[in-house]
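**Q** Sequence order for the protein chains is A and B. Counting in this note's numbering, the first sequence runs from 9 upward without gaps. Counting in this note's numbering, the second sequence runs from 3 upward without gaps.
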Amino acid sequence: MPWELKSDRPIYTQLIEHIQLSIFSGVYPLGSKLPSGRDMAQEASVNPNTMQKALVKLEEDGLIITHRTSGRSITEDARMLEMAKTKLAQDQISEFLGKMQLMGFDQKEILTIINNMVKEMKK
Amino acid sequence: MSTIFECTDLTKKFGSKVAVSGVNLKLERGQIVGLLGPNGSGKSTIIKLANELLTPTSGTILIGGKKPGIETKKIVSYLPERTYLNDWMRVHQIIEFFSDFYPDFKPKKAYDMLKSLKIDANDRLKTMSKGTKEKVQLILVMSREAELYLLDEPIGGVDPAARDYILQTILGNYNENATVIISTHLISDIENILDYVVFINQGKVVMTSSVDDIRAEKGKSVDGLFREVFKC
Chain A
9 MPWELKSDRP IYTQLIEHIQ LSIFSGVYPL GSKLPSGRDM AQEASVNPNT
59 MQKALVKLEE DGLIITHRTS GRSITEDARM LEMAKTKLAQ DQISEFLGKM
109 QLMGFDQKEI LTIINNMVKE MKK
Chain B
3 MSTIFECTDL TKKFGSKVAV SGVNLKLERG QIVGLLGPNG SGKSTIIKLA
53 NELLTPTSGT ILIGGKKPGI ETKKIVSYLP ERTYLNDWMR VHQIIEFFSD
103 FYPDFKPKKA YDMLKSLKID ANDRLKTMSK GTKEKVQLIL VMSREAELYL
153 LDEPIGGVDP AARDYILQTI LGNYNENATV IISTHLISDI ENILDYVVFI
203 NQGKVVMTSS VDDIRAEKGK SVDGLFREVF KC
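(1) Are SER53 (chain A) and GLN139 (chain B) closer than 9 Å when you measure CB to CB?
(2) Could you please give the first and the last residue of the uninterrupted beta strand (DSSP E) stretch that includes ASN26 (chain B)?
(3) Which residue marks the beginning of the alpha helix (DSSP H) containing LEU12 (chain B), and which one marks its end?
(4) According to DSSP, is LEU81 (chain B) helix, strand or coil?
(5) Helix, strand or coil: which one does DSSP assign to THR47 (chain B)?
(6) Taking the continuous beta strand (DSSP E) assigned at TYR198 (chain B), which residues delimit it?
(7) Closer than 8 Å by beta-carbon distance: list the chain B residues that pair up with LEU23 (chain A), in chain order.
(8) May I have the straight-line CA-CA distance separating GLU25 (chain A) from LEU12 (chain B), to the nearest angstrom?
(9) Short check: CB of LEU96 (chain A) to CB of THR83 (chain A), under 9 Å?
(10) Closer than 7 Å, Cβ to any Cβ of chain A: which residues of the segment 198–217 of chain B, in chain order?
(11) If we count the other Cβ atoms within 10 Å of its Cβ and call it buried at 16 or more, is VAL115 (chain B) buried or exposed?
(12) Among all the DSSP beta bridges, which residues are the ones paired with VAL182 (chain B)?
(13) Since TRP11 (chain A) and GLU68 (chain A) should fall inside the 8 Å C-beta cutoff, what is the C-beta to C-beta distance between them, to a whole number of angstroms?
(14) Going by DSSP in three states, ILE73 (chain A) sits in which element: helix, strand or coil?
(15) Identify whether PHE228 (chain B) lies in helix, strand or coil by the three-state DSSP scheme.
(16) Between LYS15 (chain B) and the rest of its own chain, which residues show a CB-CB distance below 8 Å, the 5 nearest in sequence each way excluded?
(17) For ASP154 (chain B) versus SER131 (chain B), is the C-beta distance shorter than 9 Å?
(18) Using a Cβ-Cβ distance under 9 Å, would ILE34 (chain B) count as near chain A?
(19) Which term fits SER145 (chain B), buried or exposed, when burial requires 16 or more other beta carbons within 10 angstroms of its beta carbon?
(20) Which of the three DSSP states, helix, strand or coil, is assigned to LEU42 (chain A)?
(21) Leaving out the 5 sequence neighbours to the left and right, which residues in its chain are closer than 6 Å to PRO37 (chain A) when beta-carbon positions are compared?
(22) Output the boundary residues of the beta strand (DSSP E) element that contains THR62 (chain B).
(23) Starting from THR210 (chain B), trace the beta strand (DSSP E) in both directions and tell me its first and last residue.
(24) Nearest CA to the CA of LEU150 (chain B): which residue from B:SER23, B:ILE172 and B:ILE77?
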C-alpha cells in the first residue's frame, strides 16, 4: 500500500491509520515483525520522529509490541485486533454520518440508502 | 536533548539595509527544521552567519555552544546556495578532496548515492547540467557524518523525481543526534519530513511551530499556512 498523506491533518495520525489498515488487511500479519522505525519513515518519506510518535501511539493502544532487543512486532492477540478494527470502523462511520447529516438526511433515510446499496452490490 | 543552534538578538545589517533583525532562536538536536520565508526574508543570511561567511552586526550565534569558526566547521556540513567547487574537477577528484579535508567524510556513501542517481564519477562538473551539479553537491554534503547540516535551498534546481530521492537521502543519512536545517520556499515538497518550522519575514522570526501542531490547530498544511501568512 503506498503511503498517501493528505495536507490538512497531522501526519502522525495519518501514519497511525495507515499502519492500522496494513495490520487489518494482513500486510503485517499477527505476530509478525515490523520494519525498523527508520526504514518505515524512509518508506513513507516522513520524518523519523513523526513515525516514532505514531508507533508509540500504536504501542499504547496495544496493537504493536516493542521488544527491548529485537524491535517491534504486531500483537498476537486477535481480540485486540478486532477491538481496534471496530474502533476504526466506528470512527469512519461517525464521520460519514456527520456528512450525511450536513446534507440533511435523517437516520431512517440514511439506513434506507445503505440497505438499497447493499442489495445492489449483492446482485 | 541539547541545543545545537542558538541565536540571541542576532542582527545583520548591510549598510542601512537590515537583513536579519533581532532574531532569537533555539534549536534542539535530532530534528529536521525548515527555515521558511519568502525571497529576501533573511534565510540565507542566517545560514551564512552560522558558517562565519558573514559576521553579526550585533547579537550572537552559537553552534553547539561555540561561536562559528574552525571548531564549528568540523561539525557543520553546509550546502551553499551557489557552487564553490572548481568546475574542471571530476567528481571522484572532488570526493578525494573532501575525504582529505573532512575526517567525517564517508566516500562509500558518496559513491553509493552517485550510483543511485546515475552520475558518473569520471564526469567533470563543467559538463553537467545545473540540476546534476546540485545533486553532486548535496551528495558531498550528506556524505559527511556531521552534527549539523545546513542546507540552503537544496532542492531548488532538481526535478521532482530527484527531489524525492534527495529527501530520502536526507532522511536516510542523518542520525538521531544530528540536526538538519533546510532553508527553502518549496514547502509542500519537504513538509512531510520536517519536525519543526521557523517562518521568517523581513529578517524577523514570525512563527515557530511543529508541523503536526500547525496541521492539528489550523487544519491546513504548512504550505497552506505559508501562503496565508505571506499573501502578497
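Every residue, glycine too, gets a C-beta built ideally from N, C-alpha and C. Since this is a predicted model, take the numbers as computed values, not measurements.
**A** Here's the rundown:
(1) Not closer than 9 Å, so no.
(2) ASN26 (chain B) -> beta strand (DSSP E) spans 19–30.
(3) Judged by DSSP secondary structure, LEU12 (chain B) falls outside any alpha helix (DSSP H) and instead within the beta strand (DSSP E) spanning 5–16.
(4) Correct three-state label for LEU81 (chain B): strand.
(5) The answer is helix: DSSP assigns THR47 (chain B) an H, G or I state.
(6) 198–203 is the extent of the beta strand (DSSP E) around TYR198 (chain B).
(7) Around LEU23 (chain A), no beta-carbon contact reaches into chain B at under 8 Å, the shortest distance being about 10 Å.
(8) Just so you know, the alpha carbons of GLU25 (chain A) and LEU12 (chain B) end up roughly 42 Å apart.
(9) Between LEU96 (chain A) and THR83 (chain A), the gap from beta carbon to beta carbon reaches 9 Å or more.
(10) Residues VAL213, ASP214 and ARG217.
(11) Looking at the sequence provided, one finds Met at residue 115 (chain B) rather than Val. Buried is the label assigned to MET115 (chain B), since at least 16 other Cβ atoms lie within 10 Å of its Cβ.
(12) Within the DSSP bridge table, the entry for VAL182 (chain B) names B:ILE34 and B:TYR151 as partners.
(13) That belief does not hold up - the Cβ atoms of TRP11 (chain A) and GLU68 (chain A) are roughly 22 Å apart, past 8 Å.
(14) Correct three-state label for ILE73 (chain A): strand.
(15) It is helical.
(16) Counting only Cβ-Cβ distances below 8 Å, and skipping sequence neighbours, we find ALA21 and THR59.
(17) No; because the gap between Cβ atoms is not below 9 Å, this pair is not in contact.
(18) ILE34 (chain B) belongs to the set of residues whose beta carbon lies under 9 Å from a beta carbon in chain A.
(19) Burial state of SER145 (chain B) is buried, judged by a 10 Å Cβ sphere holding 16 or more other Cβ atoms.
(20) In this structure, LEU42 (chain A) counts as coil in the three-state DSSP scheme.
(21) Correct list: empty, nothing qualifies.
(22) That run of the beta strand (DSSP E) goes 60–65.
(23) THR210 (chain B) -> beta strand (DSSP E) spans 206–212.
(24) It is B:ILE77 whose Cα lies nearest to the Cα of LEU150 (chain B).
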